[in-house]
Amino acid sequence: MPTDNRRIQGPEVSTPYCLFRCSTENQGKIRSSSPDFPPVRKDGRALLEHRKIYVKTGVVSQAKGSAYIELNNTKVICSVFDPREIPNRVEYSQHGELYCVLKFAPFSCAMRRAHQQDSEEKELSLNLKRALEPAVCRHEFPNFQVDIYVLILESDGGTLAASITCAGLALADAHVPMYDLVTAASLGVVRGVLVKDPTEEEEKVCREELEGINQNHGLITVSLMGAHTQITQMWQTGSMTTTCVSESLTHLIQSCEEIYPIAQRCLVKSVVDTISKKKISEQ
Amino acid sequence: MAAQYKTIHPAKYYRDFLAHDLRPDGRAPDKTRTVTVNVNSISTADGSATVRIGNTTVICGVKAELGKPKADEPECGFMVPNVELPPLCSPLFRPGPPSEEAQAMTCFVSKATSEMVDLKELCVSVDNLAWVLHIDMICLDYDGCVQDACLIALSAALRTVKLPKVEYDAETKAPSVFLEERTDLSIKSSPVSTSFAVFDDEIILSDPTGEEESLSSAKLSVVTDGEVIFSVHKPGGSTLSETQLQDCMSIAKDRANLVNELITVALSPVDR
Amino acid sequence: MAGVLLSEAEKTFILHGVQNDLRNDGRSKQDYRPIELEMDIVTHANGSARVRLANTDILVGVKTEIDVPKSDQPNQGKIEFFVDCSANATPEFEGKGGEDLATEISNFLRSSFASPLSFDLKTLCILKGVQCWILYVDILILECGGNLFDAVSLAVKAALHNTMVPNVETVAMDGGNVDLQLSGDPYDCWRLDITNIPCLVTLTKIGEHLIVDPTAEEEECSMASLVLAVTENGRINSICKTSVGSLHPQTLSDALKVGAEVGVGLNKALKEALAREEKRLQADKPERFGFLK
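Protein chains in written order, with full-length UniProt numbering: chain A, 1 to 283; chain B, 1 to 272; chain C, 1 to 293.
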């Protein structure tokens, strides 16, 4: 491993203590206690109940636009900056570009994250970019790029969905011309049961849990432009039948449509606040 | 009108304000901004705190891991502080390896906190196993005095760390961790840093904003712990008289007491 | 993907062709171009395959090595995908141009292999928590003529089919060290189970219609395309939208149906082709017509 002389170095190898926990404890709690996925989840939600959402715009004073989203324990912050010329580009590009960087904070997951961007973060960044691109009027700023930086402060499932919603709001807050707001939601499938907005623990079950062959399992994230009913990104993993995917899709679109007014209200509030502040300062 | 004037002649704009002993944000030159501290905001971290000084926001998370001690210090654990200035917090930064500023800040914080925890207490088994505390401070909003906020965040976050009990079996070389039995870290000192900016070589601004920092001719940071001066850091720039320095120190002392009280208050409510 | 410049008139021509279900090269909307497949062409790899789909040329080599399992999944082996976009493939790949595309392809392959139903990593475990097999799947894009995803997945599946993993004779723990004895006979190997490995199907929306296997010109005319990972029995392992542009939910449901159908067909065709190629390889002196002889 190359040494990083720009940071203070710890020991070469250090392991999270959770791996050494005493075997007296029941490690696979969900696995043993639930032969069927329980109708009431650990946090008391029904299977098709979304977590409560808190959104706020204008959280970073130095950025052109910013937003913060909280889904219980999933916390994401995003800021968007003024368009700047695309660096190191010779050709002229007709459309403006979105430059998305998504990063997990080192302490955001159960396992410590490295400082450099890893392949999962790159994958999520790309998905985020794909989800936002259709909503932005990119012809309005040819040869320029808008920088979008997303930081996951704490990850507890639905990270991509939260990031998309958050970045969509931040873009709107930065007055980037857009066709529509983008909202996103996630859904898990385990043994054919659909679970809306799964937490990290539930996501893990959806990824790995298998009882018998040919059971549907997996995760889907969908982002939607609410006013135009256009799906901007869909990302599925796992293994499921087409009927299962279609069914999940209906639920996900419904969730996205539920989040849409929340995002709208948040933006309206920030506009009203700015206007009233301006009035006060003029007086 | 004021906005245009400010963009064209930022220094003049400030001079006009300071002629009336006021700053554009309404503070007197020696006044500091309000500080808010929020602890245990991140459940995936072993200890965490969010600190705001005015607009400046820093979040600090501590992740504890187990590792082998260094050969030359077999009975010591590790504290690995790291200040991150991500591109998210200000248009001044770009993604990639830490900027020089972030490296300097990491250095500053690591020196100021070197006495906070006795590294020997972080040792589980001599020469075999010790705690490694990865302390990551991430700036979310860069509006001046980020190093002050980092230090407060670190100080508050360390106080929320509860390490589980670990036993090391010398024969099988396997540690076993008891997650239920947790103990606090013992914190030896509580350093608080207060920064100042020198404007036009003579006026001292306490707790400057990002804008004031960029216009200043010199910067000064005073780290105090109660009545004791821990360190005074003045990296170049215009000169200061002795009385001015004395003034800064007394402001820093008062503020340090306030901040430490604030941390105690933030920590006092029973675990949520 | 590939830098093709088309005028508005040319685009309209392609669009009208798709509307009439007769594309430029005479195909209907859901037809593939002819595909060539060869296996076992790289001697130093444990498994290899080359797929040529019209102008798209892909070479895949699989290497098996011994590694330590991840601490959180002690009883699983590993599989890693590396995509290399050769600068010869298209001028756009020069320098760092192909990097984004390479990440996109390898990420998508990883997520379509993620389900234990399609590829069980447990079979790659040698000794729980200590030793496992790691498969390095190296994908080399030699020429880019549209529809990379599909071609890559076919080549990967074929290469994995061709992969020979050496049998382990004995495993013994000697203190903290592992004593592994591999079989001395180079033909004493086992094959991977590729039945449930998905093939990728790219559906490109041109006008109001969905087409499969787009040429580079057709890709240029479309705003949105969707990649599905479909297994032999029509299950979907992964979905991702890969281009700018968005889709109506109805289009998406249609795409799912079409994609599953096409995917099942594609898997079947590949299976037959693999069986044929296998026979040919077992014949005394296989005739090779690839570039790597």
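Ideal placement from N, C-alpha and C gives every residue a C-beta, glycine not left out.
Fair warning: this is a prediction, and the values are worked out from it, not measured in the lab.
A/K103 and A/E121 do touch by the CB rule: their CB atoms are close to 6 Å apart, below 8 Å. Classified as buried, C/V83 has 16 or more neighbouring CB atoms from the shown chains inside 10 Å of its CB. Ranked by how close their Cα comes to the Cα of A/V195, the residues A/V55, A/C244, A/R113, A/S61 have A/C244 in first place.
In the DSSP annotation of this structure, B/N55 is not part of any beta strand (DSSP E), being labelled neither H nor E.
With its beta carbon less than 7 Å from one in chain B, A/F20 belongs to the interface. At a C-beta separation below 9 Å, A/N73 has these neighbours in chain B: I42, S43, T44. Here A/I152 is not near A/A167, since their CB atoms are 7 Å or more apart. Under the DSSP assignment, B/F78 falls in the beta strand (DSSP E) whose first and last residues are 78-84.
Comparing C-alpha distances from B/I138 to each of B/N82, B/E212, B/I152, B/S41 shows the shortest one belongs to B/N82. In the structure shown, B/C145 falls within a coil segment according to DSSP collapsed to helix, strand and coil. Judged by DSSP in its simplified three-state form, B/A3 adopts helix. The distance from the Cβ of B/I203 to that of B/C145 is about 17 Å, inconsistent with a contact at the 8 Å cut-off. For A/Q116, none of the residues of chain C pass the 9 Å Cβ criterion, the least Cβ distance being about 14 Å. If you look at C/H161, you'll find it in the alpha helix (DSSP H) that goes 148-162. Close partners of B/K70 in chain A (Cβ separation under 8 Å): P11. Between the beta-carbon of C/I206 and that of C/L15 there is about 6 Å, and that keeps the pair under the 8 Å contact cut. Close partners of B/D136 in chain A (Cβ separation under 8 Å): A105, P106, F107. Cβ neighbours of C/A89 within its own chain (closer than 7 Å, five residues either side excluded): I141, L142, E143, C144.
Per DSSP, the unbroken alpha helix (DSSP H) holding C/E104 starts and ends at 99-113. Sequence-distant Cβ neighbours of C/L117 in its own chain, meaning closer than 7 Å and more than five residues away, are N196. C/M39 has C/A49 as its beta-bridge partners, per DSSP. At least 7 Å separates the CB of A/T243 from every CB of chain C. Here A/Y54 is exposed: its Cβ has fewer than 16 other Cβ atoms, across all protein chains shown, within 10 Å. Separation of the CB atoms of B/V51 and B/I187 is rounded to 16 Å, and the pair is thereby denied contact status at 8 Å. Within the segment 256-270 of chain C, L256, K257, G259, A260 place their CB atoms closer than 9 Å to a CB of chain A, listed in sequence order. A/K278: member of the alpha helix (DSSP H) spanning 242-282, first to last residue. From the listed residues A/R6, A/D4, A/C18, the smallest Cα separation to B/P164 is found for A/C18. When Cβ pairs closer than 8 Å are counted between the two stretches, the segment 214-226 of chain A is seen to touch the segment 239-256 of chain A, the count reaching three or more.
For B/V259, the uninterrupted alpha helix (DSSP H) run begins and ends at 242-267, by DSSP.
The bridge partners DSSP lists for A/S186 are A/T221.
A/L249 reaches chain C at P249, L252, S253, counting residues in chain order whose Cβ is nearer than 8 Å. In the DSSP assignment, A/I164 falls within the alpha helix (DSSP H) that extends over 159-173. Against chain A, the CB of C/S111 has a partner CB under 7 Å away; the residue lies at that interface. Per the coordinates, the alpha-carbon of B/N260 lies some 21 Å from the alpha-carbon of B/H233. Taking all protein chains shown into account, A/S119 has fewer than 16 neighbouring C-beta atoms within 10 Å of its C-beta and is therefore exposed. Under DSSP, A/F107 shares a beta bridge with no residue.
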